[in-house]
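First up is the structure itself, then whatever we jot down about it.
Protein chains in written order, with this note's numbering: chain A, 1 to 407; chain B, 1001 to 1407.
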């Protein structure tokens, strides 16, 4: 059990000892910092989870190999160009980025992870990176606004930087674990790693296979439970570097590992919810909670179908307590349930039960839906399992952002 | 083979001999006609295909039973109230609607089909139907603007009535077959029968089981291949009444039946495309054509994933030749293919091939996307099969219509 949890949003990726970072401008975006570098003082154990899209950017294919080897020193991430669908040239450019970074840091190229986000199908302007990477290496630091600069350097259509720093403890551990995290994403967000990048650091000592299991489980219950528009991207990844600088060590599966997974999951869920909240054009964060399902997979599928329904999401934008759309979306999820036993709640108010509309306070439900965080609950009355999916509403601005974000 | 095909859009449901109809106002919508009645002079063979949503309106459950008995005399359809999720009262009200209709027409209640469309979860105002149904029975006709009044009476957010009349012939038949058709739908449209109502008439003689097979196949390749927003509804149905008033008879499977299925499919595809074209807020009709797939099911799934992608649909609204979004959507469809062998075309122009952007004329592609009908093609280079899915773009007005269409 986690016995102590202290969370800050003034610090991020360099919160644990032994990590430095920088966010600099190299000219890939029209303005602001667009190149981030995160470096561990020594070899760090690494884990990674990647997009399931069959169309994968060069950096995804490349970084998978680094993760498989289990040890990393650095993550280089650029925004403004996804380097996806650029053929063999894209692969060569990613390798060059890793080599340039390795040279600037004096480390092995095989320990440098690469992440890219931005427009698809435009070759990477390598001359800009040739200038930018040494700049990023020179700017490495862990003081002042470093973590915020990193967060801004990886943003594309995000409105807000997303960072977290956590100190936590468990009776099963030899001491505290310190986590740092940063992520980006606001559109093309869907389960199974959307256009979403997440970088995490920790001062725990843990071998690669355990770290990989922990990250996979944490992502499953966080980043894979958010959806903005159902579109997954070519470039998504979540990476975790653990340097062992702290007192705590996870050597095998067991209670200490379980608590580590729980802590990592909490870190990821915070960042995932921030992504959903910052969804393109979003005016509110929506939790779709499905209870009473036969199993967790069914609960998740129903919740996801509701969370991805454009009709539900536009009704939420309009603050309309339209339980009919919630129920109709659930009904097409592929999961069988009896609509006459199901119950729908908007916030704490029952709006549908026993096969028809409940006598609810429509004005109160409307007012509730104007709040920045809302919860929709559907109880299927078909079993013991539950799951939540987080999303946002669907506004004029979503259309505007995505109709005008030209290639 | 169909040897003659003559299609009109000035006539609809009463185009074949032996059918009369009416569209009257009974006060369920805020304005305009909202109650349609379609009647066969004598017992007609009937077929029906219904929503696959597990949440089904009372009229769906009821009309399924009528179809199973194989013979019908009339279809009563109201707009403005879906009579869905109204519990036992909803079922009783649907039965009352059938009984009132049967009384007004002097037919058996078990031969009256009922369809409803509109808002979910509001009890049906039966006093309005008590006045409206006799009005509809008195107005039965097949002259003048009858068919257009029927089309308008079943509309909700549709901007345009959708009708078709066809005379066609095949060497396999004993003479011409005449079809009439009307449909509605513009939002909550997705494969497997969305908020979509389609009523068809034909003067062919055919037993119920053959008619049912024909309709199921025709719907599979038409209404189940359109999508506006991925949301299927509680009320969808397609119904076909065949009265045998014409010279042609289909007695068993074989070439005559095959040609009948082909003709019926063409009728349905015309109406389905009209629904996609009239999608809420749509500015264009989009055909997503997937070729080179291992089998038709895979081709359809890839086409559907592209056609439902909000990112693709907003790019189409912006007339942006964004092949990256097309490819990324295909990549998350669940079908495995090699992106380096795939080709993307916008109209006739190749925009992506051999793993990267083709050198295409961006201005010409943009201009093409401003046209009212556009075709996107993705060749997977993985097999012989192909399939098309029809959709529309995603505009500000989609959000406006659905955020403001209050319960």
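Beta carbons: idealized from backbone N, C-alpha and C, even for Gly. For clarity, every value in this text was computed on a predicted model and none was experimentally measured.
With DSSP as the reference, identify every bridge partner of residue i, one or two as the case may be.
i, result
"residue 7 of chain A", "A:166"
"residue 80 of chain A", "A:118"
"residue 179 of chain A", "A:166 and A:202"
"residue 1237 of chain B", "B:1050 and B:1197"
"residue 1141 of chain B", "B:1021"
"residue 1151 of chain B", "Answer by DSSP bridge pairing: none, since residue 1151 of chain B is not bridged."
"residue 379 of chain A", "A:291 and A:343"
"residue 365 of chain A", "Looking at the DSSP assignment, residue 365 of chain A forms no beta bridge with any residue, so it has no partner."
"residue 336 of chain A", "Its beta-bridge partners do not exist; DSSP assigns none."
Please report whether the beta-carbon of residue i lies at a distance below 7 Å from any beta-carbon of chain B.
i, result
"residue 356 of chain A", "yes"
"residue 368 of chain A", "no"
"residue 83 of chain A", "no"
"residue 377 of chain A", "no"
"residue 307 of chain A", "no"
"residue 294 of chain A", "no"
"residue 279 of chain A", "no"
"residue 53 of chain A", "yes"
"residue 120 of chain A", "yes"
"residue 2 of chain A", "no"
"residue 161 of chain A", "no"
"residue 339 of chain A", "yes"
Given this structure, state the Cα-to-Cα distance separating residue i from residue j, to the nearest angstrom.
i, j, result
"residue 1357 of chain B", "residue 1325 of chain B", "13 Å"
"residue 1057 of chain B", "residue 1184 of chain B", "17 Å"
"residue 292 of chain A", "residue 321 of chain A", "22 Å"
"residue 1116 of chain B", "residue 1034 of chain B", "10 Å"
"residue 1265 of chain B", "residue 1154 of chain B", "22 Å"
"residue 167 of chain A", "residue 1309 of chain B", "40 Å"
"residue 1297 of chain B", "residue 1304 of chain B", "10 Å"
"residue 212 of chain A", "residue 99 of chain A", "25 Å"
"residue 1391 of chain B", "residue 1271 of chain B", "13 Å"
"residue 85 of chain A", "residue 120 of chain A", "7 Å"
"residue 408 of chain A", "residue 53 of chain A", "No answer is possible for residue 408 of chain A: the residues shown for chain A start at 1 and end at 407."
"residue 1275 of chain B", "residue 1241 of chain B", "21 Å"
"residue 1363 of chain B", "residue 1349 of chain B", "12 Å"
"residue 377 of chain A", "residue 389 of chain A", "11 Å"
"residue 1065 of chain B", "residue 343 of chain A", "28 Å"
"residue 1141 of chain B", "residue 1152 of chain B", "16 Å"
"residue 1025 of chain B", "residue 1031 of chain B", "8 Å"
"residue 1245 of chain B", "residue 1143 of chain B", "18 Å"
"residue 1129 of chain B", "residue 1097 of chain B", "7 Å"
"residue 15 of chain A", "residue 55 of chain A", "34 Å"
Name the two residues that bound the continuous beta strand (DSSP E) containing residue i.
i, result
"residue 1352 of chain B", "1349-1353"
"residue 159 of chain A", "No beta strand (DSSP E) contains residue 159 of chain A, which DSSP labels as neither H nor E."
"residue 285 of chain A", "285-293"
"residue 390 of chain A", "385-392"
"residue 1261 of chain B", "No beta strand (DSSP E) holds residue 1261 of chain B; the alpha helix (DSSP H) holding it covers 1255-1277."
"residue 1250 of chain B", "It is not in any beta strand (DSSP E) - residue 1250 of chain B carries neither H nor E in the DSSP assignment."
Determine whether the Cβ of residue i lies closer than 7 Å to any Cβ atom of chain A.
i, result
"residue 1233 of chain B", "yes"
"residue 1291 of chain B", "no"
"residue 1336 of chain B", "yes"
"residue 1303 of chain B", "no"
"residue 1276 of chain B", "no"
"residue 1288 of chain B", "no"
"residue 955 of chain B", "Missing from the structure shown is residue 955 of chain B; chain B here goes from 1001 to 1407 and no further."
"residue 1359 of chain B", "no"
"residue 1399 of chain B", "yes"
Got a sec, what are the start and stop residues for the alpha helix (DSSP H) residue i sits in?
i, result
"residue 1223 of chain B", "That residue, residue 1223 of chain B, is in no alpha helix (DSSP H); it is neither H nor E in DSSP."
"residue 1096 of chain B", "1087-1105"
"residue 372 of chain A", "First-last for residue 372 of chain A: undefined, no H or E at that position."
"residue 1111 of chain B", "That residue, residue 1111 of chain B, is in no alpha helix (DSSP H); it is neither H nor E in DSSP."
"residue 1326 of chain B", "1323-1331"
"residue 316 of chain A", "310-317"
"residue 1282 of chain B", "Neither: residue 1282 of chain B is in no alpha helix (DSSP H) and is coded neither H nor E."
If we cut at 7 Å on Cβ distances, does residue i have a partner in chain C?
i, result
"residue 213 of chain A", "Structure shown: chain C not included; protein chains present are A and B."
- May I ask you to list, following chain order, the residues of the region 1380-1397 of chain B that have a beta carbon less than 7 Å from some beta carbon of chain A? So the close ones are 1394, 1395 and 1396.
Can you list, in chain order, the residues of the region 64-97 of chain A whose Cβ is nearer than 9 Å to any Cβ on chain B? Taking 9 Å as the Cβ-Cβ cut-off, the region 64-97 of chain A approaches chain B at 82, 84, 85, 86, 87, 88, 89 and 90, given in chain order.
| query | Which residues, in order along the region 1323-1334 of chain B, keep a beta-carbon less than 8 Å from a beta-carbon of chain A? | reply | Taken in chain order, the members of the region 1323-1334 of chain B whose beta-carbon sits within less than 8 Å of a beta-carbon on chain A are 1323, 1324, 1325, 1327, 1328, 1329, 1330, 1331 and 1332.
- Message: Along the region 1208-1222 of chain B, where does the CB come closer than 7 Å to a CB of chain A? Name the residues.
- Response: none
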